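Asks: Take this structure first; my questions come after.
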């Protein structure tokens, strides 16, 4: 029986603000819902179920709308970073990318807010902690999050409008999806944001292989269709098809809403019901039918050969083949424990040096690395398990296949301690505080929630799940059962190989040209005129100044809090080494970081830092072999992490502080064991296990070369910045990647050659440790949730320091300044204004142009950052994405540099022209207070995001940025007015006129403009040689 709730009678805690308006209190003092029960009705939503989640002190409320059947899941928590998502089950029936293009199109406007691209405009009018839209294989979701209550309501208002009352204008379809364009010679070309985005997706072997697998493994189901769209099929999609798809799927009867946080979810229900679900616009639709199970193969599909683009780098000539098996597994929503069991099996087989497939394939030298997507994946309704390797010769396939199945038959018996260590790792991962926990839950709940699982939040019952799976593994030999069921006695699998094809990208381009030529021949004059009219209308809309933007809700700079959370840090010295402690709500975990100043590490061994970071976290020690040490790390800690970083002096950009950070964490009860293991790896690392280190280096270089295409923008930024600032030069990623890949390639497979290389590497690794481990270089920081844990940590750190003193003879000695030796090792950094084009086998480009900017405490720095946002908002986004068709572009401010960028960009020279035109534009355009306010909101979105407890205080510890520095910077941002930007604009004009900037492109080998760059004296070379 339904019962209506009288909201006025619910106990509510209120607080007053300065304007005497009443608001619900927040956080732990928020409104609670103890009197709600199943069957209660709230604003035409009926509570179907209430679920307690004790591991995280959460409560889930499942509701359904009486009239339309809309489902609503709210997770109540004191977390003030509230999250919401509007979700539709969207089932693609071809490869045209209909759901993906519709996702973009919906963001371009709704009936209530008929503003051009309200999604992008809300990015400038909000203090959101996340805004995006996602297209999945069987869903489309519109998620957002914010800590500000009014901002959350604003975003809910806009998101509901663009998704449930989308305008779906044809000009927006032509911009976001695809369109014909007519060049100066009258020839047809393709443009479109999603078109170029998906070109960028399918320019790697991994993406091509994943699509080929889905086509066959899920044959006959919607998962065999590409929801994102294949570029050659995208250009067959009509505007009418998109509208039909919208009418089918974007309806409240096919809507699920997720919300999370401390805000009153009954207010969300009230707003949505009043404005959408109880209006005359919507009547109940027939629900989208559940997906049928995939018809199982009677026989596996074997001997499949796929082709993809050439590799950017190959370790061994003739060893460029990928080979693998992919098995169709369970329906992931039916049995969460079985899904967890397959995840555990995947981890044990592949993700530990104790894993039998890792040992028998990678460590044995039969392959340098597993393929991307290896292991178990549960992103679709029916999960898949992949076992595959890369970097092999075709001749070795038969041997590798035999070893895979012999291993599965005979070696899926795991030591109890190893199983315990893997389960501990999973438990610990779930307990690590997340900066956007609501978003994290959303990503995990999407699949079961979308498919009406009985318990969509079952994955949050971590304690019981771990207990259950442990009992099944140890008492029932459950992993062997899963292996036999899904890997050994399962005919529904693919056996395949993938080979690089040098002409792959050229053939795609030729197919595209042929399709355009056929269209050119058959197009009527009437159709051509219509294309021109649509394009002219689109261009007009892109260029005209809008006068209806004020329709959108917005925050103002008055909503910005310039205060900074004061972090109490206890500082003392322990045996002469600085120790910092801050007590935070770390969810029962303790974190240890050791910062080591690197001024003492000679320049000639710094090129080995990438190798050092690759090796140090995966080796054994003098006491423990690598397998045992890895098990102990997983059993007692979060794992050992090491990274190198450079920090520019906040007052002087010419001064750089280079340091290494060693970090580890544990559950509080394991502090003693954690520090013992930390002491082992810091004091007695074993760099003499040559075979293992060869495996690590070849594995890392293979993975790196596989990922460089997708990481091209990161490399472009790094290379451009490195030419301007020493901070970036010492950590320049392309040179590090080249060095690592060259070692991996040059050592080859010959034992003698490998031994020679490894003798040198052993020496260099020990040299780095010897130079790092000096007392004056070291500083500690501890995060924990109690003083008693800190006292335990202090006692253990004394033992750590004693261990370092014993292991390194120079530990107590004064640091010698060996950073520069002008005679033998002069400073290699020399500022230059680069013009570099790095070629890769891909279809689109990644462009960066960088200028020098001042350091953190310089009064001009906030002005540079504000100008960067204005350049993006007013010019670069429009020119690069909307007009140019790139997936993205804009301006980005980083410490000491201001950069313009584009990614997945079909253009190069035109983009560089837009970069330079942006400065001319901004110098001739009046910057308004509104422009500046939007820029301020954009910046405070980022600098105001929640900091996880384990990361609080790190700004001071790592970079010497104090709370006072942060407050001053924020106040300077707020106090800046339009006239204050004149000096910065003038500085950029002068540097531009003198050519004092760096330009870097990671681009296609087939770029027709390469000759033009050569004529302009650009340096053109392969990214990986």
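Numbering (UniProt numbering), first residue to last: 1 to 1025.
Think of the CB as a built atom: it goes at the ideal place given N, C-alpha and C, for glycine as much as any other residue.
Given the structure is predicted, the values throughout are model-derived calculations rather than measurements.
Pull up the distance between the alpha-carbon of residue 696 and that of residue 618, whole angstroms please.
Replies: 8 Å
Asks: Whole angstroms is fine: what's the gap from residue 479's alpha carbon to residue 164's?
Replies: 45 Å
Asks: Across which residues does DSSP place residue 415 in a beta bridge pair?
Replies: In the DSSP output, where bridge partners are listed per residue, residue 415 has none listed.
Asks: Go ahead and pull the three-state DSSP assignment for residue 972.
Replies: Helix at residue 972.
Asks: Just to confirm, are residue 388 and residue 371 a CB contact at a threshold of 7 Å?
Replies: yes
Asks: Which whole runs of the alpha helix (DSSP H) in the stretch 774 to 814 are 4 residues long or more, in chain order?
Replies: 787 to 807
Asks: Could you have a look at residue 842 and say whether DSSP puts it in helix, strand or coil?
Replies: coil
Asks: Considering Cα atoms alone, identify which of 99, 458, 593 and 452 is closest to residue 441.
Replies: 458
Asks: So residue 381 and residue 451 are in contact, right, with Cβ under 8 Å, and what is the actual spacing, rounded?
Replies: 6 Å
Asks: With burial defined as no fewer than 16 other Cβ atoms inside 10 Å of the residue's Cβ, what is the status of residue 35: buried or exposed?
Replies: exposed
Asks: Please determine if the stretch 97 to 108 and the stretch 173 to 182 are in contact, where contact requires at least 3 C-beta pairs separated by less than 8 Å.
Replies: yes
Asks: Helix, strand or coil for residue 255, going by three-state DSSP, please let me know.
Replies: strand
Asks: For residue 970, count neighbouring Cβ atoms within 10 angstroms of its own Cβ and tell me buried if that reaches 16, exposed if not.
Replies: buried
Asks: Tell me where the alpha helix (DSSP H) around residue 453 begins and ends.
Replies: First-last for residue 453: undefined, no H or E at that position.
Asks: In the DSSP output, what is residue 118 paired with across the bridge?
Replies: Paired residues: none, contrary to the question.
Asks: Considering only their Cβ atoms, is the gap separating residue 260 from residue 438 smaller than 7 Å?
Replies: yes
Asks: Between 881, 879, 894 and 386, which lies nearest to residue 862 when the distance is taken from Cα to Cα?
Replies: Comparing Cα-Cα distances from residue 862 to each of 881, 879, 894 and 386, the minimum goes to 894.
Asks: Going along the chain, which residues of its own chain have a beta-carbon closer than 8 Å to the beta-carbon of residue 277, five neighbours each way excluded?
Replies: 44, 65, 67, 68, 70 and 252
Asks: What number of angstroms, rounded off, separates the C-alpha of residue 505 from the C-alpha of residue 242?
Replies: Distance between the alpha carbons of residue 505 and residue 242: 29 Å.
Asks: From what residue to what residue does the beta strand (DSSP E) around residue 141 run?
Replies: 139 to 146
Asks: Between the Cα of residue 418 and those of 231, 257, 633 and 491, spot the shortest distance and give me the residue it belongs to.
Replies: 633
Asks: In the DSSP assignment, find the unbroken beta strand (DSSP E) run with residue 955 in it and report its ends.
Replies: First-last for residue 955: 954 to 959, but that is the alpha helix (DSSP H), not the beta strand (DSSP E).
Asks: Considering only DSSP beta bridges, list what residue 849 is partnered with.
Replies: 900 and 999
Asks: Would you list, in sequence order, the uninterrupted alpha helix (DSSP H) runs of no fewer than 4 residues that lie entirely inside the stretch 341 to 378?
Replies: none
Asks: Quick one: what does DSSP say residue 978 is sitting in, helix, strand or coil?
Replies: helix
Asks: Can you list, in chain order, the residues of its chain with a C-beta nearer than 6 Å to that of residue 812? Leave out the 5 residues immediately preceding and following it.
Replies: The beta carbon of residue 812 lies closer than 6 Å to those of 775 in the same chain, with the five residues before and after it left out.
Asks: Quickly, what does DSSP pair residue 425 with across the bridge? List them, please.
Replies: DSSP, once it has assigned bridges, lists no residue as partnering residue 425.
Asks: Looking at residue 680: is its Cβ nearer than 7 Å to the Cβ of residue 621?
Replies: A contact, by the Cβ cut-off of 7 Å.
Asks: By how many angstroms is the C-alpha of residue 788 removed from the C-alpha of residue 808?
Replies: 31 Å
Asks: What did DSSP end up calling residue 884 once you bin it into helix, strand or coil?
Replies: coil
Asks: In terms of alpha-carbon separation, which member of 160, 109 and 324 lies closest to residue 496?
Replies: 324
Asks: Would you report the Cα separation of residue 524 and residue 188, rounded to the nearest angstrom?
Replies: 13 Å
Asks: Specify the secondary structure class of residue 21 as computed by DSSP and reduced to three states.
Replies: Its pLDDT being 37, under 50, residue 21 is placed unreliably by the model, and the measurement read from it follows with that caveat. Note: residue 21 maps to coil in three-state DSSP.
Asks: With DSSP collapsed to three states, give me the class of residue 182.
Replies: strand
Asks: I need the boundaries of the alpha helix (DSSP H) containing residue 432, first residue and last residue.
Replies: That residue, residue 432, is in no alpha helix (DSSP H); it is neither H nor E in DSSP.
Asks: Using C-beta distances below 8 Å, list every residue in its chain close to residue 469, excluding the 5 sequence neighbours before and after it, in chain order.
Replies: 337, 340, 341, 344, 423 and 478
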